[in-house]
Each structure stands twice: as C-alpha cells, then as structure tokens.
Amino acid sequence: MTRANRTIGVFDSGIGGLTVVRALRQLLPGESITYLGDTARLPYGTKSHRTIERYTLQMGEILQRYEPKLIVVACNTASAHGLAALQTASPCPVVGVIEPGAEAAAQVKGAVGVIGTLATVSSASYDDAIHRREPGKQIHSVACPLLVPLAEEGWFDDPITDAIARRYLNQLPFEVKTIVLGCTHYPTLRPSLDRTRPNTQWIDSGEVTAQSVDNLLKGNLGYRTESARGPLRILLTDASNRLREVGERFLGEALGNVELVEL
Ligand code: DGL
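With the numbering used here applied, the sequence shown covers 3 to 265.
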C-alpha cells in the first residue's frame, strides 16, 4: 500500500479523543483512521510524568502494528508528557494537540486562558509552546479536573456543570477573552461553558489539530486516494457498554465494531 493510503493512528487515554476524530473526519472524510483508546488505564490527567510517558510509548508501539502514515496524540495530557519521547521512538511522524492549540492562542490579541487536566496544567506545556511564539504573552492556566467526569456523564448543558465551570473559570481574570480547551472532553461542554463565560473565544485543540494534520497531508504525507468515506477502526484496551454510549456522544456517529487490545 502506498504511504498516502495508509491509516492515520489516533491515540487517547480513553474515549475523549473521539472529539478529535470527529474534527478529523469532518475535515478529512476520505482518510482512514485507527483510533486507540487506553480505557483500561484512564485517566492520565492525574498521573505522573513517568507513567504518562511510559503509557504513551506503549500506545505508540501498538499503533505501529497498523503501519500508520502519521500518529496523532489526541490526548492533551499525553501530548504534554509523552509526545517528545514518542516522536523520538516512532518510525512515522507524530503530532500532538498542544502545538496547534498554542499556535492559535499565540495569534489572538491580549491575554489567553488555558484549561486542562492537573497533569497538563502542571507541565506548563501550553505556556512554553505559546511563549516560544509570543514571549510576552500573558497566560492564565486553571486545572479543571471535575469537568472530565461531567462530560462523560453527558452533562453538556446542565446547571451542575454551569456551577462547577463557574467555580473554575472565575479564577481567570476578567480580561481573558480567549480560552484554550486543553482537554479532549471540554469541547462537548460548550453549552455550559458558553453560558458561564459569554463572549469568550474558545480554542478547540481538536479542531486546530485537524487543520494541522490537513497541512501535513497536503505536504509530503499525501491524502488517501480512494474516494469512499474513510474507514474508522476503534481499538480499546477495555470495553464496556457505557464506554460505547459515551464514545458515540463524543464522536457524533455510531462507534461500530470495537476491538479489544491486550496490554
Ligand atoms: N484525554 C485527557 C486529556 O485530553 C483527559 C482524560 C484523562 O485525564 O485521561 O488531557
């Protein structure tokens, strides 16, 4: 098979990365995607650097079995702690979600906010990536660990989510008008987030990552040449009926067959 026709491997700590797959399939409907969710070991957002890096390397190794032309680390936490190691180890190019999100954040006027898991915020990866582009940029980051379970519960538009989001987002100064959604789950909570902080420009790291994947394919990786809608293969390290239900909400389409991968 030519390189252009090979699959794009997408990896996440669980099923949240399906929001990134959704953005990829909207922008690049012809591409084949192989999604690997480490549902047996999620969440990554509360774990240490060493563990997240080790898990990321293992996930990259599993995806190599499918001979991807590119690997997308859809998980913000894994991008913060494991991307560099995986880029060194992987025979194919690897992109994460932080650089594209930081690129978009660096281009807006004024101070920016970043919300993510504890591990993402404490890594300061978004701060570093934004400051590499705009050294003087004011960045305010807040870890919002309770938002992940709320998204998994499907409480996207709910007074309880409003109250918790308000508690976190009120920690950001009033002048912050742009906020990076630095976690796979947060784009699903937009109804509550919009209500909590109206007139905010949200940077969806999944959407901007899909654009940067498009640029890589346009460059030397190449687009899949078959005209039919690209296949989506879902691999999980643990599967339950509940995961299917939540996953379909994140993906916005039926999950189809889910394959179990032994760790
Ligand atoms: N996928 C993770 C992220 O984007 C959120 C869930 C987790 O903590 O594993 O940071």
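Glycine included, every Cβ here is placed at the ideal spot set by N, Cα and C. Remember, predicted model here, so these are calculated numbers, not experimental data.
- The beta-bridge partner set that DSSP reports for ASP159 is empty.
- DSSP lists ILE10 as the bridge partner or partners of LEU72.
- Under a 10 Å Cβ-count criterion, ASP206 is classified as buried, with 16 or more other Cβ atoms of the shown protein chains found around its own Cβ.
- Under the three-state reduction of DSSP, ARG199 is assigned to coil, being neither helix nor strand.
- Inter-residue distance for LEU257 and THR58 is about 23 Å (C-alpha atoms, whole angstroms).
- Around LEU262, the same chain offers LEU238 and ALA241 as residues with beta carbons nearer than 7 Å, after the five sequence neighbours per side are excluded.
- In the DSSP assignment, the residues bridged to ASP206 are LEU183.
- Rounded to the nearest whole angstrom, the CA to CA distance from LEU148 to GLY254 is 23 Å.
- Under DSSP, TYR37 shares a beta bridge with VAL12 and ILE236.
- If you draw a straight line from the Cα of PRO45 to the Cα of GLN203, it is about 27 Å long.
- Relative to the non-hydrogen atoms of ligand 1, the Cβ of LEU191 never comes closer than 6 Å to any of them.
- In the three-state scheme derived from DSSP, where H, G and I count as helix and E and B as strand, GLU63 is classed as helix.
- Per the Cβ contact rule, the segment 173-186 is in contact with the segment 133-150 (3 or more Cβ pairs under 8 Å).
- SER143 has VAL116 as its beta-bridge partners, per DSSP.
- By the criterion of a C-beta distance shorter than 7 Å, LEU120 is surrounded in its chain by GLY47, THR48, ALA145 and PRO147, once the five residues flanking it on both sides are discounted.
- When the five nearest sequence neighbours on each side are left out, the beta carbons in the same chain lying within less than 8 Å of the beta carbon of GLN213 are those of LEU29 and PRO102, in order along the chain.
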